[in-house]
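Quick note on the numbering used here: the sequence shown kicks off at 827 and runs consecutively. Step one of this worksheet: look at the structure below.
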Amino acid sequence: MSTATYVLLAASDTVNVTVAFIGGMVIAGALILAVAVGMRVMERESNRPRAEEQPKLPEAGPVHEEREMREPDEVPRVTNGGSRLMPYELHPASTRRGEDQKRRRWLPGSSGSFGGGGLPPGV
827 MSTATYVLLA ASDTVNVTVA FIGGMVIAGA LILAVAVGMR VMERESNRPR
877 AEEQPKLPEA GPVHEEREMR EPDEVPRVTN GGSRLMPYEL HPASTRRGED
927 QKRRRWLPGS SGSFGGGGLP PGV
C-alpha cells in the first residue's frame, strides 16, 4: 500500500469519529430538551391530593359483599302478531334475583363430582 492510501484511511476514521461525536451531542441535547419540557408540563399540572383529601371509609364502616342466588332472566318471546322488542325494553342484566334464596347444599353420600357417588340417601 502506498502512503496516499494510509492518509485516506486515516482521514475517513477521523470523519467517522467526528460524525459519531456530533450525533452523540445531538442525542444528548434532545434528551436534555425532553427533560426540560417534561418539567414544564409537570409544573402546569394540578397538585397531588393531600392526606385529608384522600378517600375515607363511610361512617357506617366498610361495605360488605352480598350473596344471592341468581337465575336466568329470559328474553320474552314475541308472538306472530306482536311488535319486536326494542333495546330499551330489555333488562340491563342477563340474570335476576332468584325466587328461592336457599343455598343448595352438598348431599351426604354423593361425591359432588359430575354426578358420581351413586344415589342420594333415601332413594
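Glycine residues also receive a C-beta, built at the ideal position from the N, C-alpha and C atoms. Since the structure is predicted, the reported quantities are computational estimates derived from the model, not experimental observations.
Residue i: first and last residue of the uninterrupted beta strand (DSSP E) it sits in
{"i": "T921", "result": "921-923"}
Selected residue, minimal CA-CA separation from residue i, among the options
{"i": "Y914", "options": "V901, G887, G850, E925", "result": "V901"}
{"i": "R893", "options": "R930, L883, V867, I858", "result": "R930"}
Reduced DSSP category for residue i - H, G, I as helix; E, B as strand; rest coil
{"i": "P888", "result": "coil"}
{"i": "P913", "result": "helix"}
{"i": "R896", "result": "strand"}
{"i": "G969", "result": "A query on residue 969 cannot be resolved here, the shown segment of the chain reaching from 827 to 949 and no further."}
{"i": "S838", "result": "helix"}
{"i": "T829", "result": "helix"}
{"i": "G907", "result": "coil"}
Contact set for residue i: own chain, Cβ-Cβ below 8 Å, skip 5 residues either direction
{"i": "G924", "result": "E894, M895, R896, E897"}
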